[in-house]
Ligand SMILES: Nc1ncnc2c1ncn2[C@@H]1O[C@H](COP(=O)(O)OP(=O)(O)OP(=O)(O)O)[C@@H](O)[C@H]1O
Ligand SMILES: [Mg+2]
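Numbering (the working numbering), first residue to last: 42 to 287.
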């Protein structure tokens, strides 16, 4: 499998959608083949389940876990695995780390069961690189819930608010204690696998986070060549030996 799999994780409003889009745009500019996906979603079943999962319709925590996993296995099977096999870069807006954090640490479901379901639903595919956008839930929820109202001019020149459609807020509506537990769940995963997870301070500006993410992705995509032996170095061409696109 030649592709590279990058996931963005973190609590509500941490900037996952913003940064995954920014990264996908950068890769597109560089003509690096890339697939951007979001969880839950990205397939017909996944988008159907996303609607239900985001709504406030009744759902036990066990069924919630299984619906997330059902959406995941569809996405992995029909899009993520084929893209990776094709050598493309996959950028995912949430992946199994969110299930560990929300349904495990947040809802209190058994972590071993979750790990085993994650393993099954991902078909054993794990991201090579996970960016954890970490920030206080108080800030993230505020960001996620605030949405600008667009105005248009009415017939008498008055400003009329345009209705904005939003997704449901099943998770945003949960109490802060839930979100603090989920944050601990993300941090625990990052600490357990420091080679895979990169912790990013999500309080930084969008551009600062973008640059921090790009430094890591660039290192993986265009690794600097190993130092040449002394004798060879005399005849080696001078100048940059690896792409400096930023
Ligand atoms: N670094 C940042 N600083 C300030 N605001 C930000 C930053 N990144 C994103 N935002 C804004 O915060 C809001 C939430 O961002 P975004 O949708 O990217 O977060 P998310 O992690 O995908 O949220 P959700 O968990 O709800 O999917 C948006 O209005 C976005 O413009
Ligand atoms: Mg988002």
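Cβ atoms here follow ideal geometry from the backbone N, Cα and C, with glycine treated the same way.
Put residue i into one of helix, strand or coil per three-state DSSP.
{"i": "residue 174", "result": "strand"}
{"i": "residue 215", "result": "coil"}
{"i": "residue 204", "result": "The pLDDT assigned to residue 204 is 48, lower than 50, so where the model puts this residue is not dependable, and the model offers no usable value."}
{"i": "residue 166", "result": "coil"}
{"i": "residue 185", "result": "helix"}
{"i": "residue 209", "result": "coil"}
{"i": "residue 227", "result": "helix"}
{"i": "residue 78", "result": "strand"}
{"i": "residue 65", "result": "helix"}
{"i": "residue 43", "result": "coil"}
{"i": "residue 48", "result": "strand"}
{"i": "residue 55", "result": "coil"}
{"i": "residue 60", "result": "helix"}
{"i": "residue 232", "result": "helix"}
{"i": "residue 73", "result": "coil"}
{"i": "residue 190", "result": "Its pLDDT being 46, under 50, residue 190 is placed unreliably in this model, and the coordinates cannot settle the point."}
Considering only C-alpha positions, which residue in the set the options is nearest to residue i?
{"i": "residue 103", "options": "166, 145 and 262", "result": "145"}
{"i": "residue 167", "options": "214, 89, 75 and 122", "result": "122"}
{"i": "residue 96", "options": "211, 221, 218 and 240", "result": "211"}
{"i": "residue 55", "options": "236, 263, 83 and 187", "result": "187"}
{"i": "residue 114", "options": "93, 128, 85 and 249", "result": "85"}
{"i": "residue 208", "options": "90, 100 and 218", "result": "90"}
{"i": "residue 83", "options": "248, 111 and 218", "result": "111"}
{"i": "residue 216", "options": "236, 178, 238 and 237", "result": "178"}
Hey, is residue i close to ligand 2, as in C-beta under 7 Å from one of its heavy atoms?
{"i": "residue 57", "result": "yes"}
{"i": "residue 216", "result": "no"}
Less than 7 Å between the CB of residue i and some heavy atom of ligand 3, yes or no?
{"i": "residue 134", "result": "Of the ligands one can find in the structure shown, namely ligand 1 and ligand 2, none is ligand 3."}
Just checking residue i against ligand 1 - is the residue's beta carbon closer than 7 Å to any of the ligand's heavy atoms?
{"i": "residue 250", "result": "yes"}
{"i": "residue 179", "result": "no"}
{"i": "residue 184", "result": "yes"}
{"i": "residue 229", "result": "no"}
{"i": "residue 294", "result": "In the structure as shown, the chain starts at 42 and stops at 287, and residue 294 therefore has no counterpart that could be examined."}
{"i": "residue 243", "result": "yes"}
{"i": "residue 53", "result": "yes"}
I'd like to check one pair, residue j with residue i: are the Cβ atoms closer than 8 Å?
{"i": "residue 243", "j": "residue 151", "result": "no"}
{"i": "residue 141", "j": "residue 44", "result": "no"}
{"i": "residue 258", "j": "residue 64", "result": "yes"}
{"i": "residue 49", "j": "residue 61", "result": "yes"}
{"i": "residue 134", "j": "residue 79", "result": "yes"}
{"i": "residue 130", "j": "residue 73", "result": "yes"}
{"i": "residue 261", "j": "residue 169", "result": "yes"}
{"i": "residue 118", "j": "residue 184", "result": "no"}
Go through the segment 80 to 161 residue by residue and report every complete run of the beta strand (DSSP E) that reaches 3 residues or more, in order. Listed in chain order, the complete beta strand (DSSP E) runs (minimum 3 residues) inside the segment 80 to 161 are 130 to 134.
3 or more residues per run - each beta strand (DSSP E) lying fully within the segment 235 to 266: Here the runs fully enclosed are 238 to 242.
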